[in-house]
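2 protein chains.
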Amino acid sequence: MTRSIWPPRGVRLVAKRLLSFARPVHGVNVSAVTSPLVWEHVQPAAARRLLTGAVDAFAERGFQATTTRDIASRAGMSPAALYVHYPSKERLLFEISLYGHNAALEILRSADTGPTPADRLRSLVSAFTAWHAQHHTIARVVQYELAALSPEHLAEVATIRRAISTQIEQVLADGVHDGSFAVADLPGTTLAVLSLSIDVARWYTPHRGDPESLGKLYADLAHRMVQT
Amino acid sequence: MTRSIWPPRGVRLVAKRLLSFARPVHGVNVSAVTSPLVWEHVQPAAARRLLTGAVDAFAERGFQATTTRDIASRAGMSPAALYVHYPSKERLLFEISLYGHNAALEILRSADTGPTPADRLRSLVSAFTAWHAQHHTIARVVQYELAALSPEHLAEVATIRRAISTQIEQVLADGVHDGSFAVADLPGTTLAVLSLSIDVARWYTPHRGDPESLGKLYADLAHRMVQT
DNA sequence: GTCTATAAGGAGATAGAC
DNA sequence: GTCTATCTCCTTATAGAC
Numbered sequence: 001m002t003r004s005i006w007p008p009r010g011v012r013l014v015a016k017r018l019l020s021f022a023r024p025v026h027g028v029n030v031s032a033v034t035s036p037l038v039w040e041h042v043q044p045a046a047a048r049r050l051l052t053g054a055v056d057a058f059a060e061r062g063f064q065a066t067t068t069r070d071i072a073s074r075a076g077m078s079p080a081a082l083y084v085h086y087p088s089k090e091r092l093l094f095e096i097s098l099y100g101h102n103a104a105l106e107i108l109r110s111a112d113t114g115p116t117p118a119d120r121l122r123s124l125v126s127a128f129t130a131w132h133a134q135h136h137t138i139a140r141v142v143q144y145e146l147a148a149l150s151p152e153h154l155a156e157v158a159t160i161r162r163a164i165s166t167q168i169e170q171v172l173a174d175g176v177h178d179g180s181f182a183v184a185d186l187p188g189t190t191l192a193v194l195s196l197s198i199d200v201a202r203w204y205t206p207h208r209g210d211p212e213s214l215g216k217l218y219a220d221l222a223h224r225m226v227q228t
Numbered sequence: 001m002t003r004s005i006w007p008p009r010g011v012r013l014v015a016k017r018l019l020s021f022a023r024p025v026h027g028v029n030v031s032a033v034t035s036p037l038v039w040e041h042v043q044p045a046a047a048r049r050l051l052t053g054a055v056d057a058f059a060e061r062g063f064q065a066t067t068t069r070d071i072a073s074r075a076g077m078s079p080a081a082l083y084v085h086y087p088s089k090e091r092l093l094f095e096i097s098l099y100g101h102n103a104a105l106e107i108l109r110s111a112d113t114g115p116t117p118a119d120r121l122r123s124l125v126s127a128f129t130a131w132h133a134q135h136h137t138i139a140r141v142v143q144y145e146l147a148a149l150s151p152e153h154l155a156e157v158a159t160i161r162r163a164i165s166t167q168i169e170q171v172l173a174d175g176v177h178d179g180s181f182a183v184a185d186l187p188g189t190t191l192a193v194l195s196l197s198i199d200v201a202r203w204y205t206p207h208r209g210d211p212e213s214l215g216k217l218y219a220d221l222a223h224r225m226v227q228t
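If you're matching them up, the sequences are chains A and B in order.
Residue numbering for the first sequence follows full-length UniProt numbering, starting at 1 and increasing by one per position.
Residue numbering for the second sequence follows full-length UniProt numbering, starting at 1 and increasing by one per position.
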């Protein structure tokens, strides 16, 4: 699967840091604002402003409800200027989704450490959950805007999703193998563990607590789900 | 909060049964078709066909991406005919969302039975999870289209959401009180238990297994999360 | 209650000046 | 690289015939 001809100027998406706010509704995050600091390496700055504006708008209203005028005005530009940096609104979504999926996978890969399957599971769930809280605007786009991707872009992202799923499944399988976990339904339990963290993107707002504490709580809950 | 002047002809939404199909993508349900059998008591039949068409379309593409032409054509009508039965596209969403929230709450209320908190929790999680699987098209609209509701309609639905949350929290509190549960963070664990079931709406397709088995698995996982 | 026709406005994307 | 202006198409919703 080629990345095609876009972006043309060596744009690189590298994670840094993200701050966010949100207006809470019971059990649901209906609004959010993202700081541009995560996207520091998207160049030039105008492309980065468009991208962060798009993340905020997509997270807050959804892809379809977001207009190119909305994205452009968040970046302080006219609608036409968007097309100098991105060939379409969908490409903007794809860049965000691809970066977000890769970031989530990287988080898991570097968290898969520890002497026992229990340690590894706790580390994985803690990191994956905290990422979904910390980066909940990006995570909302990643988890809930897949249907707006073109079939080709969806296929590319689905490959990364499979790798994410495999990362969790392997730890559970290892724990079953060495007798430290009791898992009646491996695929079902894998999905449940992933599910718990992913759903954080739906409801998280900063007033719900800090991402690290949430990660610890969820690591504990996930471990309890499988321990013998 | 009044139900206002709509619907004008004593339309009643009563749960019956629902069958569904979906095209699977890795970890995500991007397509779904709902049978009209759940909405049997929405009268007249034309209003019911519009409603079921709207459920399918909203679940598959989201509220904003769904056009009134799409809904009308699924019901075998011209776009204009929609407005004889519903005053706007948003009202159609509200009817679905209100019915869905009430149905989910009723499921919980009638499942809150058993001699011990553990029995009650297993029954609640099993029923709530199975409902989200069985009625995953409705559940998708219920859980993921809240932002498209008008502020007044959102407020009405938020009241029901609070009742749903309270239902779970009370059982956990009862288990902590009688010593059968160990819960470090009651609101956080309540949210996690709800979250596990709710996220089923995002990924469930019939090929993932039957709703009852999934309910049993999730009841077990939720119980493990809190037992001493 | 359903249709055809259409109003009124907004959408994504492009042209061409600067 | 950004702007203003605009193209073309599609949107929600209404008017009025049958």
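Quick reminder that beta carbons are idealized off the backbone N, C-alpha and C, glycines included.
Say whether the stretch 178 to 186 of chain B touches the stretch 175 to 194 of chain A, bearing in mind that this needs 3 or more beta-carbon pairs closer than 8 angstroms, one atom from each stretch. Judged by pairs of C-beta atoms under 8 angstroms, the stretch 178 to 186 of chain B does not touch the stretch 175 to 194 of chain A, as fewer than three such pairs exist.
Does the distance from the C-beta atom of B/I164 to that of B/I138 stay below 8 angstroms? Contact: no.
Starting from the Cα of B/T66, find the closest Cα among B/L149, B/R162, B/S123, B/K89 and give me that residue. Minimum Cα-Cα distance from B/T66 among the listed residues B/L149, B/R162, B/S123, B/K89 corresponds to B/K89.
So that I know if they touch, is there some Cβ in chain A lying closer than 8 angstroms to that of B/L196? Output row for B/L196: interface = yes.
Compare the Cα-Cα distances from B/E145 to each of B/D56, B/H41, B/V42, B/H207 and report the closest residue. Distance check between B/E145 and each of B/D56, B/H41, B/V42, B/H207 places B/D56 closest, using alpha-carbon atoms only.
Go through its chain and collect everything with a Cβ distance to A/P206's Cβ below 6 angstroms, but skip five positions before and after it. Apart from the 5 residues on each side of it in sequence, A/P206 has no Cβ closer than 6 angstroms to any other Cβ in its chain.
Along the chain, which unbroken stretches of the alpha helix (DSSP H) at least 4 residues long are found entirely within the stretch 85 to 168 of chain B? Counting only runs of 4 or more, we get 89 to 111, 117 to 134, 136 to 144.
According to DSSP, simplified to helix, strand and coil, what is B/F58? Helix, per DSSP.
So with Cβ pairs under 8 angstroms, would you call A/D185 a contact of chain B? It does; some Cβ of chain B falls within 8 angstroms.
Just tell me which of B/D220, B/Y99, B/A45, B/D178 has its CA closest to the CA of B/L82. For B/L82, the nearest C-alpha among the options comes from B/A45.
Please classify B/S110 as buried or exposed, where buried requires at least 16 neighbouring CB atoms within 10 angstroms. By the 10 Å Cβ count, B/S110 comes out exposed.
Using a Cβ-Cβ distance cut-off of 8 angstroms, determine whether A/L121 contacts chain B. The beta carbon of A/L121 sits no closer than 8 angstroms to any beta carbon of chain B.
Nonlocal neighbours in the same chain, by C-beta distance under 8 angstroms from A/L196, ignoring five residues either side: Shown here for A/L196: same chain residues with a beta carbon closer than 8 angstroms to its own, the five before and five after excluded, namely V125, T129, Y218, L221, A222 in chain order.
Relative to chain B, which residues along the stretch 202 to 214 of chain A have a C-beta separation below 9 angstroms, given in chain order? Of all residues in the stretch 202 to 214 of chain A, the ones placed with a Cβ closer than 9 angstroms to any Cβ belonging to chain B are R202, W203, R208, G209, S213, L214, in chain order.
Might you give, ordered along the chain, the residues of its own chain that have their beta carbon closer than 6 angstroms to the beta carbon of B/A54, omitting 5 neighbours on each side? Cβ neighbours of B/A54 beyond the five flanking positions: I71, L92.
Buried or exposed: A/P117, going by 16 or more other Cβ atoms within 10 Å of its Cβ? Under this definition A/P117 is a buried residue.
Determine the burial state of A/A80: buried for a count of at least 16 other Cβ atoms within 10 Å of its Cβ, exposed for fewer. Per the 10 Å Cβ criterion, exposed.
Residues of the stretch 45 to 73 of chain A with Cβ closer than 7 angstroms to any Cβ of chain B, in chain order: Taking 7 angstroms as the Cβ-Cβ cut-off against chain B, the residues of the stretch 45 to 73 of chain A that qualify are R61, G62, Q64, A65.
I want to verify the contact list: residues of chain A whose CB lies under 8 angstroms from the CB of B/G188, in sequence order. Within chain A, the residues near B/G188 are G209, L214, L217.
In whole angstroms, what separates the C-alpha of B/G215 from that of B/I107? If I take the Cα positions, the gap works out to 13 angstroms.
What number of angstroms, rounded off, separates the C-alpha of A/G175 from the C-alpha of B/H132? So the two alpha carbons sit approximately 30 angstroms from each other.
Relative to the C-alpha of B/Q143, which residue among A/R202, A/L154, A/T228 is closest? B/Q143 has its Cα closest to that of A/R202, out of A/R202, A/L154, A/T228.
Listed by chain order, chain A residues near B/L108 by CB distance under 9 angstroms: Going along chain A, no residue has its Cβ under 9 angstroms from B/L108, so there is no contact; the nearest lies around 14 angstroms.
Tell me, which residues are paired with A/F181 by DSSP? According to DSSP, which records beta bridges pairwise, A/F181 is partnered with A/Q227.
Closer than 6 angstroms by C-beta to B/Y86: which residues in its own chain qualify, once you throw out the five before and the five after it? Chain order, please. The residues are L92.
Are the CB atoms of B/R120 and B/D112 within a distance shorter than 8 angstroms? A contact, by the Cβ cut-off of 8 angstroms.
Inter-residue Cα distance where the pair is B/A127 and A/R161: Each residue's alpha carbon lies about 29 angstroms from the other.
Measuring alpha carbon to alpha carbon, tell me which residue in B/V226, B/A47, B/P211, B/I198 is nearest B/A173. Comparing Cα-Cα distances from B/A173 to each of B/V226, B/A47, B/P211, B/I198, the minimum goes to B/V226.
Please identify the residue among A/F63, A/M77, A/F58 whose C-alpha is closest to the C-alpha of A/A47. When each option's Cα is compared against that of A/A47, the closest is A/M77.
CB contact check: B/A147 to chain A, cutoff 8 angstroms: B/A147 counts as touching chain A.
Residues in its own chain within less than 8 angstroms of B/R224 by CB, not counting five upstream and five downstream? No residues qualify anywhere along the chain.
Would you say A/D199 reaches chain B, if we count a Cβ-Cβ gap shorter than 8 angstroms as a contact? It does; some Cβ of chain B falls within 8 angstroms.
Where residue 232 of chain A falls: helix, strand or coil (DSSP): With chain A represented from 1 up to 228, any question about residue 232 of chain A goes unanswered, as that position is not in the structure.
Whose C-beta lies closer than 6 angstroms to the C-beta of B/L105 among residues of the same chain, with five residues either side of it excluded? Contacts found: I160, A163, I164.
Would DSSP call B/K16 helix, strand or coil? Only weak support is given to the placement of B/K16: the predicted model assigns it a pLDDT of 30, under 50, and the question is left unresolved by the model.
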